[in-house]
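A.B. asks:
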Amino acid sequence: MASDSIAIHPAGVATRSVSERLHDWVVTVDHKKLGIMYVVYALFFLVIGGIEAMVMRIQLMRPHNDFVSPQVFNRMFTMHGTTMIFFVVIPVMFGFANYLVPLMIGARDMAFPRLNAFSFWLTAFGGLLLYFSFVGGSGLYGAGNAPDMGWWAYAPLTARAFSPGHSADYWTLALLVSGFGSVGTAINIIATVICMRCPGMTLGRMPLFAWLNLVMAAMVILAICPLTAAQIMLCVDRYLGGHFFDTQAGGSAVLWMHFFWIFGHPEVYVLVIPAFAFLSEIVPVFSRKPIFGYPVMVAATVCIGFVSLSVWAHHMFTVGMNSYANSFFAITTFAVGVPTGIKIFNWVGTMWGGRIQFKVPMLFCIGFLFQFLIAGLTGIMLGTAPFNWQLSGSYFVVAHFHYVIVGGILFALFGAFYYWYPKITGRMFNETLGKLHFWLFVIGFHLTFDLMHIPGLLGMPRRIYTYEPGRGWDTLNFLVTIGAFVQAVAILIFVANLIISCFKGAKAGNDPWDAWTLEWSTSSPPPAYNFARIPVVESRRPLWDIKHPEDPDWKYE
Amino acid sequence: MRCSERTRILVSKATGVVVLLAGFMLAARLCFGAAVDSSRSPNIFKPESTPADSIFNLSLFVLTITGLIFLVVFSLIVYSIVKYRGREDGDHSEPPQVYGSNQVELAWTVIPVLIVLILFLATARVIQSVQDAPEPSTAMRVTAVGHQFWWEFRYPKLGIVTANELHVPVSDPSHPTPTFLTLLSADTDHSFWVPRLAGKTDLIPNHPNKMWIDPRETGVYLGQCAQYCGVEHAKMLLRVYVDSQEEFDKWAKEQEAEASSDSSAEAGRRVFESTGCINCHAVRGTVADGRFGPDLTHLMSRDTIAAGIAPNTPESLRKWIEDPDSIKQGSLMPAMKLKDEDLDALIAYLGTLR
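Chains as they are written, first to last, in this note's numbering: chain A, 1 to 557; chain B, 558 to 911.
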């Protein structure tokens, strides 16, 4: 083939030893390899976080169960939350952004390839540090253990009096280190989108995927910095005699809550905006129509970015803020629903009048639409401060945010996996297994998370390792656990499909979905340099223009 | 082949819809089933006190609005999926390319903004009515202190100190006698949540909070700590006894008294006062004045021990003193390792603390 004659693909590529190939991955600064590494790393932690979730569900299957001790249960929910947020969803979103943003804007790499590699390894190291606490958490005395103060690490549970040993420190350092990695990648994404676009690609012609990741990256910088500051203050408290959060010495537990949630709420949008980005690429292609209301979609995203910076204290309606503060955070929380609703309407507008193809990626996106709608509506209920006084800290909240993260973000992610799998591996996945995965996961998801709302309404608090029989929670919890098993089976099918198809899948070709953005114009997988010749674009859908020279987009934009 | 594929897709879709509907019906049945056969369920939709009522009414309003939004958007999505699904009629041309419409965008921006305004007004009204309610002079005052992993209740006007089981008088709407709680914490964050009486409010060290209840019906209301507070967060249960005014006065009178000095349990009293018990527990009228654990002056007036997790019987008291971990693993009460005869004597003594 032609590529044989290109110097960077020497003929002897197949005979290189495993260690040489491994070395290539370790020292790489290629955005595609780093993207794949981010994704694989996140998948690994997804399985670990999933196992932790299963341990909790088995324990809660019936009242007074003794599958694990309270100490182990508390470590499980702390590690599950921390892992899923910091070491699954953030890295996997960075992975897709890394892989796709340069390809979509017609660039050959990210703006700062070395910073990119540095950021990935920081994040990777952070995850290892967190899990090292299982062996090293208590320092030299006694066996190690993982942190058990919940993933919000509310003061004063993190004070040395309540968290002796070093498990809390591993948690702090893991988040500190991976936080630096996140900020590095965020700067990189911003610089890439601003500076590396190919000729003709104005901001107004950029794929929505790039736009949304630009907003996401800006929010990462704004959200991670207060968290990093708070982690340093916590270290000062624990080792240098500080009293920021030390309530026994006049410190403030509420201060930590503000720091944590001024990170924590924008963080939700950091996770969900990339999911919006996936939908904004996948839904148009499988509806065979351009995205409905492109400028409004951009405006709504930027608007979400700003408004979401002023909603953090809706996590704190029960901590005793005054009625004015509660009212303020209630209205900002409702307000953020407006641009989010606009996005849902625009995706429906995109499907409206289209010719919808129910391929696996589209199925997951449709699942997203339904579930994200429900998640948004339970979010309105939680934003109603007085209703929140009942629902906060109950299983209703757990059901709500899993609806966002699993029903919304994870569904969109699965869609993205199936959609770009042919581009990344060069092979098609197995469509039947994909559909099986989808239906099993839908059933498991609804069994688990629909029912999980109800114990919350019946007064079941979250983070309890056991509960009393006879309160109306027993049957529901049993069914929720059954649903968790169904989801676990579906995830195994997904992982098996990814691995098997990588070796046995049919060749995908450059453009299996008949799509319109630049990544589909190069080979699958793309060469290290992405494009032999830097493309020049004239509209938002450069491949449409090539495929339909009689009716190009640039005439209408 | 195409035809069979389409049938298969239709069948799988139909199955999905049936499963979903079955799921919703099951959920509804479970919800109502639980509400019917379990009067002990701390169901937020069965309020018995003004703050819980206001929240309940607001929640019905919000559920109606969100329910309507759900119906509209759900139908829109379903309609567009069914109507605009790709048909297998050999037509592979692209549909008309539509880029957007400013009128439509304006409509689906303005309508949600109006809904937000309505929701906000309703919410702000309830926030104000619950949070800023004036405290009448007839109100009872109680200070609740959260501990790892139990509740301390102090009645400053009455001089009563008790634990885990809060007694309050019923509040007759014509002569309201609400109870105003000051919420403190001795260690980590906790949250006071009795769903049928009020929403939850956190107990945060160094950050006093307030809440109030005015229960209309007598009875026992269950709740538990709703903010993760450490190992045994799950076993920090909460019981609120709403008594008639006469019953409450009788209870208060008994609680105000010093501990009974029943000479029949002198041996047990010696065990109690000569081992570690008095470091943490108080028995008014004796040398025991510890504050780290629950006040035991009128221990026998309580139905449960260990923050509601075990019935207050000699057997469970025995188990609790011998090995607290067997009832509540990680509780801060140490195993006392007493000889059998000392343990018998101690339990006999505790039995006199009426």
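Built from N, CA and C at the ideal position, the CB exists for glycine as well.
1. Which residue marks the beginning of the beta strand (DSSP E) containing residue 778(B), and which one marks its end?
2. Would residue 870(B) be called buried (16 or more neighbouring beta carbons within 10 Å of its own) or exposed?
3. Leaving out five residues before and five after residue 511(A) in sequence, what residues of the same chain have Cβ atoms less than 6 Å from its Cβ?
4. Any C-beta of chain A sitting closer than 9 Å to the C-beta of residue 559(B)?
5. Can you tell me whether DSSP reads residue 402(A) as helix, strand or coil?
6. Taking the alpha carbon of residue 838(B) as the reference point, which residue from 683(B), 798(B), 890(B) has its own alpha carbon closest?
7. Report the neighbours of residue 389(A) on chain B: residues whose CB is nearer than 7 Å to its CB, in chain order.
8. Would you tell me roughly how many angstroms separate the C-alpha atoms of residue 856(B) and residue 220(A), rounded to the nearest one?
9. Smallest Cα separation from residue 382(A): which of 327(A), 434(A), 148(A), 424(A)?
10. In the DSSP assignment, what are the bridge partners of residue 741(B)?
11. When DSSP labels each residue in this structure, what does residue 437(A) get in the three-state scheme?
12. DSSP state of residue 893(B), grouped into three classes?
13. With DSSP as the reference, label residue 861(B) as helix, strand or coil.
14. Less than 6 Å between C-beta atoms, sequence neighbours within five positions excluded: which residues of the same chain meet that for residue 687(B)?
15. Taking 9 Å as the cut-off, decide whether the C-beta atoms of residue 627(B) and residue 377(A) are in contact.
16. Taking Cβ positions only, does residue 545(A) come closer than 9 Å to chain B?
17. Enumerate in chain order the residues of its own chain whose CB-to-CB distance from residue 388(A) is below 6 Å, with the five nearest sequence positions on each side excluded.
18. Under 9 Å, do residue 865(B) and residue 792(B) count as touching if we go by C-beta distance?
19. Smallest Cα separation from residue 225(A): which of 436(A), 334(A), 446(A), 263(A)?
20. Using 8 Å as the cut-off, can you tell me whether the stretch 691-698 of chain B makes contact with the stretch 728-736 of chain B, which would need three or more C-beta pairs spanning the two stretches below that distance?
21. From the DSSP output, which residues share a beta bridge with residue 546(A)?
22. Per DSSP, what kind of secondary structure is residue 714(B) in: helix, strand or coil?
23. Examine the Cβ distances between the stretch 289-302 of chain A and the stretch 201-212 of chain A and report whether three or more of them are shorter than 8 Å.
24. Please state if the CB of residue 413(A) and the CB of residue 278(A) are separated by a distance shorter than 9 Å.
25. Using CA atoms only, rank isn't needed, just tell me which of 529(A), 397(A), 380(A), 353(A) is closest to residue 679(B).
26. Between residue 900(B) and residue 458(A), what straight-line distance do the alpha-carbon atoms span, to the nearest angstrom?
27. Considering only the alpha carbon of each residue, which of 258(A), 463(A), 539(A), 160(A) lies closest to residue 786(B)?
28. Residue 593(B) to residue 599(B), Cα distance in whole Å?
29. Does DSSP classify residue 513(B) as helix, strand or coil?
30. Mapping the DSSP letters down to three states, classify residue 133(A) as helix, strand or coil.
31. Mind checking whether residue 782(B) and residue 542(A) have CB atoms under 9 Å apart?
32. So, with DSSP's three-state summary, where would you put residue 557(A)?
33. Consider the Cβ of residue 867(B): report whether some Cβ of chain A lies at a distance smaller than 9 Å.
34. Between residue 415(A) and residue 282(A), how many whole angstroms is the CB-CB distance? I'm expecting something under 8 Å.
35. Would you report the Cα separation of residue 227(A) and residue 239(A), rounded to the nearest angstrom?
36. Can at least three beta-carbon pairs, one atom from the stretch 446-454 of chain A and one from the stretch 767-776 of chain B, be found at a separation below 8 Å?
C.D. replies: Result, derived from the coordinates:
1. As a first step, residue 778(B) is located in the second sequence; it is residue number 221 there, counting from the start. First-last of the beta strand (DSSP E) with residue 778(B): 776-781.
2. The residue you call residue 870(B) lines up with position 313 of the second sequence. Residue 870(B) is exposed by the Cβ-count criterion.
3. Along the first sequence, one-based indexing puts residue 511(A) at 511. Around residue 511(A): 520.
4. As a working mapping, residue 559(B) is identified with position 2 in the second sequence. Here the model assigns residue 559(B) a pLDDT of 48, short of 50, so the residue's position is not dependable, and the following value carries that caveat. Judged by the 9 Å Cβ criterion, residue 559(B) is not in contact with chain A.
5. Residue numbering aside, residue 402(A) sits at position 402 when the first sequence is read from its first letter. DSSP, reduced to helix, strand and coil, places residue 402(A) within a helical segment of the structure shown.
6. On the second sequence, position 281 is the one that residue 838(B) refers to. Checking every option, the nearest Cα to that of residue 838(B) belongs to 890(B).
7. Position 389 of the first sequence holds residue 389(A). Neighbours of residue 389(A) on chain B, chain order: 612, 756, 757.
8. As a working note, residue 856(B) is residue 299 in the second sequence. As a working note, residue 220(A) is residue 220 in the first sequence. Answer to the nearest angstrom: the Cα atoms are 54 Å apart.
9. As a first step, residue 382(A) must be located in the first sequence, where it is residue number 382. When only C-alpha atoms are compared, the closest one is 327(A).
10. Numbered from 1 along the second sequence, position 184 holds the residue referred to as residue 741(B). Answer by DSSP bridge pairing, in chain order: 702(B).
11. For the purposes of this step, residue 437(A) is taken as the residue at position 437 of the first sequence. DSSP places residue 437(A) in helix when its eight states are reduced to three.
12. The residue you call residue 893(B) lines up with position 336 of the second sequence. Residue 893(B) falls in the coil class under three-state DSSP.
13. The residue given as residue 861(B) occupies position 304 in the second sequence. Here residue 861(B) sits in strand by DSSP.
14. Here residue 687(B) is taken as the residue at index 130 of the second sequence, counted from 1. Same-chain partners within the cutoff: 608, 611.
15. On the second sequence, residue 627(B) is found 70 positions in, with the first residue counted as 1. On the first sequence, residue 377(A) is found 377 positions in, with the first residue counted as 1. Contact flag set, yes.
16. By one-based count along the first sequence, residue 545(A) stands at place 545. Taking Cβ atoms only, chain B never reaches closer than 9 Å to residue 545(A), which makes this a no.
17. Counting from 1 along the first sequence, the entry for residue 388(A) is found at position 388. Cβ neighbours of residue 388(A) beyond the five flanking positions: 317, 382.
18. By 1-based counting over the second sequence, the position of residue 865(B) is 308. By 1-based counting over the second sequence, the position of residue 792(B) is 235. In contact: residue 865(B) and residue 792(B) (Cβ atoms closer than 9 Å).
19. By one-based count along the first sequence, residue 225(A) stands at place 225. Of the listed residues, the one whose Cα sits closest to residue 225(A) is 263(A).
20. yes
21. Counting from one through the first sequence, the residue named residue 546(A) turns up at place 546. Looking at the DSSP assignment, residue 546(A) forms no beta bridge with any residue, so it has no partner.
22. Numbered from its first residue, the second sequence carries residue 714(B) at position 157. Residue 714(B): coil per DSSP, three-state reduction.
23. yes
24. Stepping through the first sequence from its first residue, residue 278(A) is reached at position 278. Stepping through the first sequence from its first residue, residue 413(A) is reached at position 413. Yes, the Cβ-Cβ distance between residue 278(A) and residue 413(A) is below 9 Å.
25. Here the question's residue 679(B) lines up with position 122 in the second sequence. For residue 679(B), the nearest C-alpha among the options comes from 380(A).
26. Residue 900(B) sits at position 343 when you count from the first residue of the second sequence. Residue 458(A) sits at position 458 when you count from the first residue of the first sequence. For residue 900(B) and residue 458(A), the distance between alpha carbons rounds to 40 Å.
27. Numbered from 1 along the second sequence, position 229 holds the residue referred to as residue 786(B). Ranking 258(A), 463(A), 539(A), 160(A) by Cα distance to residue 786(B) puts 463(A) first.
28. As a first step, residue 593(B) must be located in the second sequence, where it is residue number 36. As a first step, residue 599(B) must be located in the second sequence, where it is residue number 42. Low confidence applies here, because residue 593(B) scores a pLDDT of 44, under 50, leaving its location unreliable; read the following figure in that light. Residue 593(B) and residue 599(B): Cα-Cα distance of roughly 12 Å.
29. Nothing about residue 513(B) can be reported from this structure: the residues present for chain B run from 558 to 911 only.
30. One-based indexing of the first sequence puts residue 133(A) at position 133. In the three-state reduction of the DSSP assignment, residue 133(A) falls in the helix class.
31. Counted from its first residue, the second sequence places residue 782(B) at position 225. Counted from its first residue, the first sequence places residue 542(A) at position 542. Residue 542(A) sits away from residue 782(B), with the two beta carbons spaced by 9 Å or more.
32. In the first sequence, residue 557(A) corresponds to position 557, counting from 1. Looking at residue 557(A) - three-state DSSP - the assignment turns out to be coil, as it is neither helix nor strand.
33. Taking the first residue of the second sequence as position 1, residue 867(B) is located at position 310. No, residue 867(B) lies away from the interface with chain A (no Cβ there is under 9 Å from its Cβ).
34. Mapped onto the first sequence, residue 415(A) falls at position 415. Mapped onto the first sequence, residue 282(A) falls at position 282. Indeed, because the Cβ distance is near 5 Å, the residues count as touching under 8 Å.
35. Locating residue 227(A) in the first sequence gives position 227, counting from the first residue. Locating residue 239(A) in the first sequence gives position 239, counting from the first residue. Taking the straight line from one Cα to the other gives about 18 Å.
36. These segments do not touch.
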